[in-house]
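Participant: Each residue of the sequence shown is one higher than the last, beginning at 2 in this note's numbering. Can you keep this structure in mind? I'll have questions shortly.
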Amino acid sequence: KPRWQKLASCIIAELSAPHLAAHFAMGNFCAGNDSYTREGDGWSGQLGDNPTAIIVWRGRDLRKGDIMGSDPYCVVRVGKPKQPWYEKMRSAGRRSKVAKGTDPEWNFGFAIGTGNITQTEVHIRVFDKDRLSGDDFLGEVTVPLKQLLDAKGTPVDLAMKGDVDAKGTLSVSAGPLELLNDKKLEPLVLFEEMGPIGPTKKWNVDDPTVSLLIGGTSLPNSLRGVFWLTDQKGSSALASFGGPNRDGGGCSLGRLSGDRYTVRVSGDRVWSFASQSLGEALEAIDLVYHFIFDDPSDPKKCQIYPEARNWGLVMKEESLLDFEMELEEEPDQDYPGSVVWRRPSYVAGQMVYEYALVQVIDEAGQKNPARLGQVRGVPKVQHHGRKPGLHLVPVSRRYCKVATLSLASEPRRAVATALGTCPPP
């Protein structure tokens with residue numbers, strides 16, 4: 002559609018279906034910008050616990066990707082020792098730029114909060130970029146973080162493994178945050194690519210366990226816990242700034258990246274819906290929210306820019322459609338004892354709709370019975386034979402078995418084949 006027709010459709014949707022517009026915060030359309038979801042600030046995880054810099058310098062004598070040559074890049078995840086790749090959180094993963102040849106020079110670094118250093122493993126996979134088909138897996142290395150730290154910043158050469166033809170080494174360093182400055186490296190890297198949307202699971206807000214991730218202490222106080230989106234015209238929803246999770250693309254890191262935070266609405270354990278149809282509609286466009294706060298340590302206001310990933314569109318023209326959040330600094334009479342964010346929507350400078358984000362579960366996982374009682378009381382939750390308080394939570398697939406096959410046509414090449422439907426490596 003022409004630009005003006007798309008914008009008109011957005012305004013009509015905002016005025017006629019506020020419960021949907023509250024989720025799909027429409028704005029002016031522009032081409033999707035990878036910097037919204039791909040570019041990172043080099044910081045990953047909860048930096049409050051043992052912040053550590055990791056640098057991947059280079060690869061040497063790697064296996065050639067294909068007959069057209071090699072375009073290798075590497076992806077780094079961090080997790081517990083011997084934890085499989087697919088269980089290490091994708092959202093905290095970092096990706097190098099694509100290099101050339103079998104001796105790539107990447108020279109990229111980033112920082113993480115490692116927690117218990119002796120219980121942390123660095124896991125690096127190398128792929129050959131292929132624009133015509135899936136990227137080829139060239140091999141991997143795993144190394145205890147402590148081994149890298151004991152080298153005191155000196156690069157450690159690690160032998161590639163994981164593929165029958167894997168060969169060569171990777172050169173890796175780790176140390177305090179100052180290591181990046183000492184090596185004259187800017188901690189500006191790419192996030193790992195966003196993974197596919199997983200299936201939904203049923204969760205009742207009365208269950209003892211919470212199926213959503215809970216925003217923790219690495220977030221500002223006003224963003225912790227789990228929030229209820231009020232006044233959704235029966236389509237009750239809960240949302241969280243918790244993380245890290247399995248989404249990738251810089252989503253749900255579990256802490257602000259500068260003054261920004263990104264949430265994938267149909268992503269891994271960060272949003273729940275009482276309305277199945279609404280959840281399916283948002284999954285179809287793959288809605289992502291980009292939050293920009295006024296203060297990264299003590300936010301009071303926020304600008305929201307939505308992105309429809311499956312349409313390749315980012316909505317960001319505030320003069321026409323403007324979506325904001327503002328913290329209630331005084332106790333809210335409607336929701337006493339809860340953190341409350343007001344969420345107004347403006348069309349051409351005029352407010353047309355407002356709802357609230359109300360904390361219903363705190364950072365320690367303690368539920369607010371009065372607020373959850375209001376969540377259960379939404380009438381539409383009881384439609385379609387569902388019980389009051391029943392929500393659907395998108396959950397990324399955690400387990401993905403991989404078989405190594407040898408093709409007769411390429412006896413020297415191993416092909417990693419995922420069994421069943423699961424995220425790519």
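The beta carbon of each residue, even a glycine, is placed where N, CA and C say it ideally should be.
(1) Determine the extent of the alpha helix (DSSP H) in which leucine 283 is found, giving its start and end residues.
(2) Which residues in the same chain have their Cβ closer than 6 Å to the Cβ of glycine 154, if we skip the five residues on either side of it in sequence?
(3) Does isoleucine 68 pass the burial test, meaning 16 or more other C-beta atoms within 10 Å, or should it be called exposed?
(4) Tell me, please, whether the stretch 245-253 touches the stretch 272-281 by the rule of three or more beta-carbon pairs shorter than 8 Å.
(5) Is leucine 186 helix, strand or coil when you go by DSSP?
(6) Would you list the residues sitting across from glutamine 367 in a DSSP beta bridge?
(7) Please report the distance separating the alpha-carbon of proline 145 from that of glycine 110.
(8) Enumerate in chain order the residues of its own chain whose CB-to-CB distance from glutamine 277 is below 7 Å, with the five nearest sequence positions on each side excluded.
(9) Under three-state DSSP, which class holds serine 223?
(10) Answer with buried or exposed for glutamate 330, where buried requires no fewer than 16 other C-beta atoms within 10 angstroms of its C-beta.
(11) Using three-state DSSP, classify serine 397 as helix, strand or coil.
(12) Over what stretch of residues does the alpha helix (DSSP H) that includes glutamine 148 continue unbroken?
(13) Consult DSSP for valine 123 and reduce its assignment to one of helix, strand or coil.
(14) Check each candidate in Arg132, Arg310, Val396 and Ala54 and name the one with the smallest Cα separation from proline 73.
(15) What distance in whole Å lies between the Cβ atoms of valine 361 and valine 227, which are believed to be in contact at a cut-off of 8 Å?
(16) Excluding the five sequence neighbours on either side, which residues of its own chain have a C-beta within less than 6 Å of the C-beta of arginine 91, listed in chain order?
(17) Which runs of the beta strand (DSSP E) at least 3 residues long sit entirely within the stretch 64-139? Give them in chain order.
(18) Are isoleucine 125 and glutamate 141 touching if we call contact CB-CB under 8 Å?
(19) Taking alanine 240 and leucine 230 to be in contact with their CB atoms under 8 Å, please state how far apart those CB atoms are, rounded to whole angstroms.
(20) Considering just the uninterrupted stretch of the beta strand (DSSP E) at alanine 238, what are its terminal residues?
(21) Between which two residues does the beta strand (DSSP E) carrying glutamate 331 extend?
(22) Tell me which residue opens and which closes the beta strand (DSSP E) that glutamine 304 is part of.
Facilitator: Reading it off the structure:
(1) 277-286
(2) Ser174, Gly176 and Leu180
(3) exposed
(4) no
(5) coil
(6) Looking at the DSSP assignment, glutamine 367 forms no beta bridge with any residue, so it has no partner.
(7) 17 Å
(8) Leu393
(9) helix
(10) exposed
(11) coil
(12) 146-151
(13) strand
(14) Arg132
(15) 6 Å
(16) Glu193, Gly196, Arg247 and Gly249
(17) 73-80, 106-114 and 122-129
(18) yes
(19) 6 Å
(20) 238-241
(21) Glutamate 331 -> no beta strand (DSSP E), and no H or E assigned at all.
(22) 302-309
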